[in-house]
Each structure stands twice: as C-alpha cells, then as structure tokens.
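First up is the structure itself, then whatever we jot down about it.
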Amino acid sequence: MQESLRLSEFLELIKSTIEMSFGYDGFWVVAELSEWRKSGRHYYGELIEHDGVSKYPVAKIRCNCWANKADYIHNKFSMATGENLKSDMKVLLKVAVNYHVSFGLSLNVIDIDPAFTLGDRQARKIEILDALTKKGILKKNKSLEMPEDFTNIAVITSITAAGKGDFFEEADKLQKLGLCNFDIYEAKMQGAECAVSVSQAFDKIQTKDDKYDAIVLIRGGGSQADLDWFNNILPAESICNSNIPVMVGIGHERDSTVLDEICTKRFDTPSKVINFIANTITDNAQDAKYNYQSIVKITRNLAKQNQSQLDSLYRSFRVNVEHYLYQTNQNIEHTYKSSLSISKGVIKLYKNLIDTQYSSVMLNSQNLVKQYKNNIENSYNSSINIAKNITKQYTQSSEYLYRQILSVSIEPTLKRGFCVTKSQDGKYLTSQKQAQKYTDLEIVYTDGQIQVEVNTNGNTK
Numbered sequence: 001m002q003e004s005l006r007l008s009e010f011l012e013l014i015k016s017t018i019e020m021s022f023g024y025d026g027f028w029v030v031a032e033l034s035e036w037r038k039s040g041r042h043y044y045g046e047l048i049e050h051d052g053v054s055k056y057p058v059a060k061i062r063c064n065c066w067a068n069k070a071d072y073i074h075n076k077f078s079m080a081t082g083e084n085l086k087s088d089m090k091v092l093l094k095v096a097v098n099y100h101v102s103f104g105l106s107l108n109v110i111d112i113d114p115a116f117t118l119g120d121r122q123a124r125k126i127e128i129l130d131a132l133t134k135k136g137i138l139k140k141n142k143s144l145e146m147p148e149d150f151t152n153i154a155v156i157t158s159i160t161a162a163g164k165g166d167f168f169e170e171a172d173k174l175q176k177l178g179l180c181n182f183d184i185y186e187a188k189m190q191g192a193e194c195a196v197s198v199s200q201a202f203d204k205i206q207t208k209d210d211k212y213d214a215i216v217l218i219r220g221g222g223s224q225a226d227l228d229w230f231n232n233i234l235p236a237e238s239i240c241n242s243n244i245p246v247m248v249g250i251g252h253e254r255d256s257t258v259l260d261e262i263c264t265k266r267f268d269t270p271s272k273v274i275n276f277i278a279n280t281i282t283d284n285a286q287d288a289k290y291n292y293q294s295i296v297k298i299t300r301n302l303a304k305q306n307q308s309q310l311d312s313l314y315r316s317f318r319v320n321v322e323h324y325l326y327q328t329n330q331n332i333e334h335t336y337k338s339s340l341s342i343s344k345g346v347i348k349l350y351k352n353l354i355d356t357q358y359s360s361v362m363l364n365s366q367n368l369v370k371q372y373k374n375n376i377e378n379s380y381n382s383s384i385n386i387a388k389n390i391t392k393q394y395t396q397s398s399e400y401l402y403r404q405i406l407s408v409s410i411e412p413t414l415k416r417g418f419c420v421t422k423s424q425d426g427k428y429l430t431s432q433k434q435a436q437k438y439t440d441l442e443i444v445y446t447d448g449q450i451q452v453e454v455n456t457n458g459n460t461k
C-alpha cells in the first residue's frame with residue numbers, strides 16, 4: 001500500500017506552503033470589488049478581473065476584511081474620495097493570502113490606496129474624451145448657444161431620482177402659469193442599464209428636436225461611485241450629437257462626470273438647473289417690463305418737450321389754412337363770374353350755329369324727300385309692268401298645262417280603245433290581285449259599262 005495523507009494533512013501542507021511562499025506582508029493587487037457586504041463588524045466580497053474587450057471575468061477570488069482592519073480601510077478610503085467603499089469599484093488593495101482547510105483560498109484585505117480609484121476614474125474620463133475628439137464631436141454641443149428664453153424643455157430623469165422633487169416643485173409653478181412646458185423622458189439613473197437608458201431617451205427626443213428649446217438631464221447627489229455610470233461613451237455621444245442645448249445637473253459641486261465637460265451648460269444640482277431656467281424667464285419678463293416702461297417714459301418726455309413746438313406749428317398751420325381758404329374763395333368767385341360770362345357767349349354762339357344748321361338740314365331734308373318720292377314712284381311703275389308680264393306668262397303656262405291634263409284624262413283614254421275596271425264601291429282596280437278581292441266588277445268603255453260576276457274559281461260570266 002502506497003504512503004498517503006489524510007485530506008486535512010494535505011490541506012495543512014498546502015496552507016504551510018502558501019504561508020511560506022507569500023508570507024504575511026501582503027501584495028498590492030488591482031481588481032474590481034464585487035458582492036461587497038457587511039456581516040457584523042466584518043466585510044465579505046469578491047475580487048474580479050474582467051477582460052478588457054469582452055468584459056468577461058477572467059479571474060475571481062473571495063476576499064475578506066476583518067473587523068480589526070475594516071474601520072481603518074473604510075475611513076481611509078472615505079476621507080480621500082468622499083464616498084464609501086462599495087461594489088463595482090475598481091480598487092488597488094493590499095491583500096494577504098489566506099488558506100483555510102475548511103473554507104479554502106481567500107484574500108484578506110489589509111490596506112487600500114484610494115488614489116488609484118480616483119486615478120482610474122480620471123483615466124476613464126480621458127479615454128472617453130479622446131474617443132469623442134477623434135470622432136470630431138467633442139465640442140459640438142458645448143459650442144451651442146443657450147436659448148434666450150424657455151418655452152418647452154425635455155427632462156431626462158428617473159421617477160425615483162434624488163432632486164427630482166425640488167426641480168419639479170418649481171417647474172410645476174412655471175407650467176401652471178403657462179410660462180414653460182416640461183416633458184419627462186424617463187431613464188435609469190444608476191446601475192448597469194443607466195448608460196443605455198439615458199442614450200435611448202436622447203434618441204426619442206431627437207425625433208422631436210424642433211419642439212424643444214433645451215434638454216435637461218438631472219439626478220440629484222449620490223456618491224461618486226453612483227455617478228460613475230455616467231462616465232460612459234453612450235450618453236456622452238448622445239449629448240455631443242444633440243442639436244439641442246443640453247443642461248446637466250447630476251451631482252454636487254465636488255462631483256464631476258464626463259457629461260459635465262461636454263454639455264452646453266453644467267450645474268451642480270437639479271435645483272440650480274430649474275433656478276437658472278426660472279431666472280431666465282423672470283429676467284426676460286422684467287426686461288420686457290423695463291423696456292415697456294422706458295418706452296412710455298421716453299414717449300412722454302418727447303411729447304412734453306415738443307408740446308410748445310407742436311402748439312406753434314398748429315397756430316402757424318391754422319393761419320396758413322385760413323389764408324389759403326380766403327384766397328381760394330376769391331379765386332373761385334372770380335373764376336365763377338368769368339366762367340358765367342364765357343358760358344353766355346358760348347351759348348349764344350352755339351345757338352346761332354344751331355339755327356343755321358337747322359335751316360340747312362330742313363332744306364336738305366326737303367330735297368331728299370322729293371328725290372326719294374320720285375325714286376319710289378319710278379320703282380312702283382316698274383314693279384307694275386314687271387308683275388303684268390309675269391302674270392301674262394303664268395296665264396299662258398297654265399292654259400298649256402290644262403290642255404295637257406285634259407289630254408290624259410279618262411275619256412280620251414277610253415276613246416283610244418282602253419277600258420277601266422272598277423269595284424262596286426267605285427274604286428279603280430289596277431291589278432289582278434286587287435280584282436280577286438271582289439265578286440262583282442264593273443268594266444267601263446267609252447260608250448257604256450258591263451257588269452261582271454266573279455266565280456269562286458276565279459272565272460267570270
């Protein structure tokens with residue numbers, strides 16, 4: 001039988017080997033913190049390394065932070081970064097290798113370097129900014145001018161977003177007064193779906209880009225780790241490609257994301273965003289009121305300054321008008337008398353001309369009547385002669401036609417050897433077919449008639 005070890009002995013051997021190889025001083029390791037949770041005074045979780053391209057986990061191990069180190073590590077990290085250590089953070093930890101025969105291999109966290117986490121965030125921001133620069137869109141939205149006034153605004157936020165209540169408390173007042181309308185486009189403000197959700201909201205707004213004066217992206221406060229979801233290329237590209245000015249208010253004064261650096265205007269909080277909008281609307285209203293009052297004041301001053309000049313002009317105008325009316329009246333009276341005299345002369349002249357023309361017309365009319373009377377008499381005599389000739393011709397033609405008609409009458413025809421067949425009712429029959437319809441016929445000759453009876457067989461007797 002071969003020499004063997006019990007499992008516990010073998011695992012103790014592994015433990016001794018690990019302790020001898022790695023010691024207790026620890027190693028600095030870069031990893032992403034996952035499943036980080038507190039149990040009692042201890043913390044448990046996992047350290048994960050993802051592939052740079054596919055983001056698929058390529059390494060993973062359990063980690064622990066015991067109570068004797070937990071407060072020190074968390075306080076050190078919080079004081080440097082302003083936030084608590086939590087899952088999904090990329091960290092630089094000093095860990096000691098620990099192997100337990102019952103629980104297996106794990107790493108004990110004994111120290112942390114907060115500067116690495118801060119540097120990693122900055123590196124990611126720089127990477128995104130470089131990508132936007134290469135695409136030529138980095139300053140596309142930032143270079144847009146803010147509208148001079150606001151009437152319609154698209155708001156991208158979450159129903160549960162911190163700061164949303166403060167924003168819409170003021171926004172509702174503006175909307176009820178009919179000064180500005182706000183349309184909400186809901187999106188995730190944290191978590192793995194945040195970047196995609198915000199980008200999709202921008203896509204929806206771009207289909208109505210002619211409707212809105214500006215786009216507002218708000219999310220109140222939160223830790224720097226929560227804001228890390230906005231350090232993503234998707235929402236960054238959406239803002240850069242927006243044709244509408246974008247106002248971002250997703251953090252506090254000490255929090256900054258890549259979106260703050262590329263938008264048209266950034267604010268620390270949603271409250272400051274709505275205050276800017278309200279102040280712009282109020283300032284425009286006050287400017288309009290001031291301009292109106294200034295115009296009224298200037299108009300009154302001008303009217304007052306020019307009152308005496310207007311009075312003088314009025315008096316001068318009145319004198320000139322009265323003089324003009326007097327002169328016009330004199331001219332009209334003179335013109336009337338002159339016109340009356342001329343009219344009488346013209347009327348007398350035309351009366352003489354009319355009398356002369358009347359005598360001439362009467363003489364010419366009498367001559368014309370006499371001439372037309374002679375013409376009519378000549379035409380009448382000529383018409384009588386023509387009518388007599390035509391009547392004579394038609395009389396001769398009628399006599400000739402009468403003789404012709406008599407030559408073709410029945411009696412001359414009978415004298416030439418012909419006879420005529422008649423029915424009992426006196427109708428002339430011209431064919432056998434007509435004759436067969438009757439039983440008694442009459443045949444007329446030049447010197448008398450013969451009665452003929454027709455038998456049923458068609459013979460006569």
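In the working numbering, the protein residues as written are 1 to 461. Think of the CB as a built atom: it goes at the ideal place given N, C-alpha and C, for glycine as much as any other residue.
Cβ neighbour criterion (16 or more within 10 Å) applied to residue i
| i | result |
| --- | --- |
| residue 98 | buried |
| residue 462 | Since the displayed the chain opens at 1 and closes at 461, residue 462 lies outside it and no answer follows. |
| residue 386 | exposed |
| residue 231 | buried |
| residue 167 | buried |
| residue 296 | exposed |
| residue 235 | buried |
| residue 45 | buried |
| residue 101 | exposed |
| residue 209 | exposed |
| residue 171 | buried |
| residue 249 | buried |
| residue 324 | exposed |
| residue 25 | exposed |
| residue 10 | exposed |
| residue 361 | exposed |
| residue 347 | exposed |
| residue 267 | buried |
| residue 363 | exposed |
| residue 16 | exposed |
| residue 260 | buried |
For residue i: DSSP bridge partner residues
| i | result |
| --- | --- |
| residue 535 | Any property of residue 535 remains undetermined from this structure, which presents the chain solely from 1 to 461. |
| residue 249 | 218 |
| residue 154 | 183, 215 |
| residue 452 | 441 |
| residue 47 | 33, 61 |
| residue 38 | 43 |
Whole-number beta carbon distance between residue j and residue i, since they are thought to touch under 8 Å
| i | j | result |
| --- | --- | --- |
| residue 90 | residue 32 | 5 Å |
| residue 218 | residue 240 | That belief does not hold up - the Cβ atoms of residue 218 and residue 240 are roughly 19 Å apart, past 8 Å. |
| residue 73 | residue 233 | So it is not a contact: roughly 32 Å between Cβ atoms. |
| residue 298 | residue 150 | Contact doesn't hold; Cβ gap of about 30 Å is too wide. |
| residue 27 | residue 109 | 12 Å between Cβ atoms; not a contact. |
| residue 264 | residue 146 | 6 Å |
| residue 105 | residue 29 | With a Cβ gap of about 14 Å, residue 105 and residue 29 do not count as contacting. |
| residue 178 | residue 229 | Incorrect: roughly 36 Å between the Cβ atoms, too far for contact. |
| residue 414 | residue 445 | 6 Å |
Cβ-based neighbour list, residue i, same chain, cut-off 8 Å, excluding 5 preceding and 5 following
| i | result |
| --- | --- |
| residue 212 | 152, 153, 154, 183, 205, 244 |
| residue 175 | 181, 182 |
| residue 187 | 156, 157, 158, 194, 197, 198, 200, 201 |
| residue 388 | none |
| residue 112 | 73, 76, 77, 85, 91, 92, 93, 94 |
| residue 5 | 13 |
| residue 504 | For the chain, the structure presents residues 1 to 461; residue 504 sits outside this window and is missing. |
CB contact below 8 Å: residue i versus chain B
| i | result |
| --- | --- |
| residue 268 | In summary, chain B is missing from the structure at hand, where a single protein chain is found. |
Own chain residues within Cβ distance below 6 Å of residue i, not counting five before or after
| i | result |
| --- | --- |
| residue 67 | 41, 42 |
| residue 47 | 31, 61, 63 |
| residue 246 | 141, 215, 239, 263, 264 |
Cβ-based neighbour list, residue i, same chain, cut-off 7 Å, excluding 5 preceding and 5 following
| i | result |
| --- | --- |
| residue 443 | 419, 421, 449, 450, 452 |
| residue 81 | 114, 117, 118, 224 |
| residue 423 | 429, 438, 441 |
| residue 8 | 101 |
Identify every run of the beta strand (DSSP E) within the stretch 365–435, keeping only runs that are complete inside it and at least 3 residues long; order them along the chain. If you keep only unbroken beta strand (DSSP E) runs of at least 3 residues inside the stretch 365–435, you get 420–423.
Tell me the start and end of each unbroken alpha helix (DSSP H) in the stretch 68–142 that is at least 4 residues and wholly inside, in chain order. Taking only runs of at least 4 residues, the alpha helix (DSSP H) segments lying wholly in the stretch 68–142 are 114–134.
Where are the beta strand (DSSP E) runs, 3 residues long or more, that stay fully inside the stretch 222–304, in chain order? The stretch 222–304 contains these whole beta strand (DSSP E) runs: 246–249.
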